[in-house]
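Chains as they are written, first to last, in my numbering: chain Z, 379 to 501; chain F, -7 to 338.
Below is one structure, written out as structure tokens; comments come after it.
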Amino acid sequence: MPGTFTPSAYLPILIFLVVATAFGIGALLIGELFRLKRPYPEKLMPYESGNEPVGEPRIRFSVRFYIIAMLFVVFDVEAVFLYPWAVVFDRVGFFAFIEMIIFIIILLVGYVYAWKKEAFVWD
Amino acid sequence: MSAFLGAFLPPFIVQLVIILLKIAVVIAIGLLHVAYATYWERKVIGHMQVRLGPREVGPFGLLQPIADGVKLFFKEDIIPANADKPLFYLSPVIFFIAAISSLSVIPFFESFVIADINIGLLFLFAMSSLGAYGIVLSGWSSNSKYAFLGGLRSASQVISYEISMGLSLVGVMLMAGSLNLSDIVRAQHQYPTGMFAVPQFIGFFVFVVSAFAETNRLPFDLPEAESELVAGYFTEYSGFRFALFFLGEYTGMIIMSSISSICFLGGWTIPRFVTDLLPFLNYVPGILWFLLKVYCFMFFFYWVRATLPRYRYDQLMAIGWKLLIPLSLLNIVITAIVKIWFRGMA
């Protein structure tokens, strides 16, 4: 019946996340009590191999990182679509096979286009 | 034990106590493995480079990881003056949580898993993507050039190789017909070769290469290439925050080794043709097989680190996008065709 699903199998994961968070933050907080604290301005400078920092650290960076991020979204969604298909493949059979070949071919067109546009070239 | 506790506690509390105990055992043993993975790595690489590795602290240097941990715990926690404080504080914790919570769905041996969910593999992918948040946020919030560039590089590297890793495991899902990690191991035990690494050798190859890139290990350790970026995204971190990054990274390696052991090498089982030949191997507990496979894979991580030089960034991107993604798609199509073929014959 829809609407009554209780994800009880996921409860241990929730507890695990709570324990892991408690471990990480707890160790940092307890360490705070024992740690040495002797800051001075030179120590708190950003590290730049011993020189005085030059200019802004958050520089403009290559647009290629954005292209990679966009392509990632496309292909990762594709991968996620393939998972349920792979799981039910035995039950659905030949029809699912043809359907997925068509899906992969459509994606390949976009992939070839991105390749020809030199989206994967890095210089 | 549940019967003993059930005598004087309500069932819900009993369940909770058992879950907490399991989690405590898994985290404790996991972190012990992480600590000794660093020791073992230094020993292995030392001997490969004709050095001795750590040997001063304790017999054979065995107490070195403990000494390192204690030292990092008491070290000063330097927060750079220009850093984004809340993000800088939190990002190592995010990285650590994302890495270690993957342990909650790993089946260590038959019916020992903290959360036996039906989408275990998907959960592992989700957690490895969340780790990228810790990297990006630490790179951004440090307000330092090295950290910024390291974070940027690492983020695009991790997302690029996540695609090929995700696709390389579709072949395994096709053969097992499930995303549940225990089901995948059982399906392998039913399979004639006992390991999916044999029929899925293309997928295994793609997975291994992607695993190295996902964990930022050599030969793909560009985000923290010490000769160009000092330490990459955690350049500005010190003390226990640095230790959290370190723990997260080594936990990530152990998780990758576990996934490859479960999805390709048969997890806690050994192939049946082996047990048919040597029946006494049936009495070896499954956890030992699982650990043996994980250790072999970890050794492989170290071996590659000692052997291969680092790739350039353009080569890294070319391998990921132009070689591994087409290969893994090819693997999916071939696996599907073979499955259809064999069913047509049957």
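We put the CB at the ideal spot given by N, CA and C, even for glycine.
Computed from a prediction, not measured in an experiment: that's the story for all the values here.
- Under the 8 Å criterion on CB atoms, Ser96 of chain F is classed as interfacial with respect to chain Z.
- Membership of Gln7 of chain F in the alpha helix (DSSP H) is indicated by the continuous run Pro3 to Met40.
- With fewer than three CB-CB distances shorter than 8 Å, the region 276 to 285 of chain F does not count as touching the region 439 to 448 of chain Z.
- If you keep only unbroken alpha helix (DSSP H) runs of at least 4 residues inside the region 131 to 157 of chain F, you get nothing at all.
- Neighbours of Arg436 of chain Z in chain F, taken as residues at a C-beta separation under 8 Å, are given in chain order as Trp132, Asn135 and Phe140.
- With fewer than 16 other CB atoms across the displayed protein chains lying within 10 angstroms of its CB, Lys495 of chain Z is exposed.
- Non-local C-beta neighbours of Gly163 of chain F in its own chain, meaning closer than 7 Å and more than five positions away in sequence, comprise Gln192, Gly195, Asn323, Ile324 and Thr327, ordered along the chain.
- Exclusion of the five residues before and after His181 of chain F leaves Thr261 as the residues of its chain whose Cβ lies within less than 6 Å of its Cβ.
- Taking 8 Å as the threshold, the shortest C-beta distance from Leu422 of chain Z to chain F falls below it.
- Scanning F:Val286, F:Leu221 and F:Pro271 for the CA closest to the CA of Ser250 of chain F turns up F:Val286.
- In terms of beta-carbon proximity, Trp32 of chain F stays away from the interface with chain Z, with every pair separated by 8 Å or more.
- Along the length of the region 224 to 288 of chain F, whole alpha helix (DSSP H) runs at least 4 residues long occupy 231 to 255 and 264 to 269, reported in chain order.
- Residue contact with chain Z for Ser249 of chain F: absent (no Cβ-Cβ distance below 8 Å to any residue of chain Z).
- Among the residues of the region 397 to 413 of chain Z, those with a Cβ less than 9 Å away from any Cβ of chain F are Val397, Ala398, Thr399, Phe401, Gly402, Ile403, Ala405, Leu406, Ile408, Gly409, Glu410, Phe412 and Arg413, in the order of the chain.
- If you ignore the 5 residues before and after Ser96 of chain F, its C-beta comes within less than 7 Å of the C-beta of Ile106 and Ala107, all in its own chain and listed in chain order.
- If you ignore the 5 residues before and after Gly244 of chain F, its C-beta comes within less than 6 Å of the C-beta of Ala91 and Thr207, all in its own chain and listed in chain order.
- Within chain F, the residues Met309, Ala310, Trp313 and Lys314 have their CB atoms less than 7 Å from the CB of Phe498 of chain Z, given in chain order.
- In the three-state reduction of the DSSP assignment, Phe104 of chain F falls in the strand class, which pools E and B.
- Judged by DSSP in its simplified three-state form, Asn429 of chain Z adopts coil rather than helix or strand.
- Within chain F, Lys137 have C-beta atoms less than 7 Å from the C-beta of Glu426 of chain Z, given in sequence order.
- The C-beta of Asp60 of chain F comes no closer than 8 Å to any C-beta of chain Z.
- In the three-state scheme derived from DSSP, where H, G and I count as helix and E and B as strand, Thr207 of chain F is classed as coil.
- Going by beta carbons, Met187 of chain F and Gly258 of chain F fall inside the 8 Å limit.
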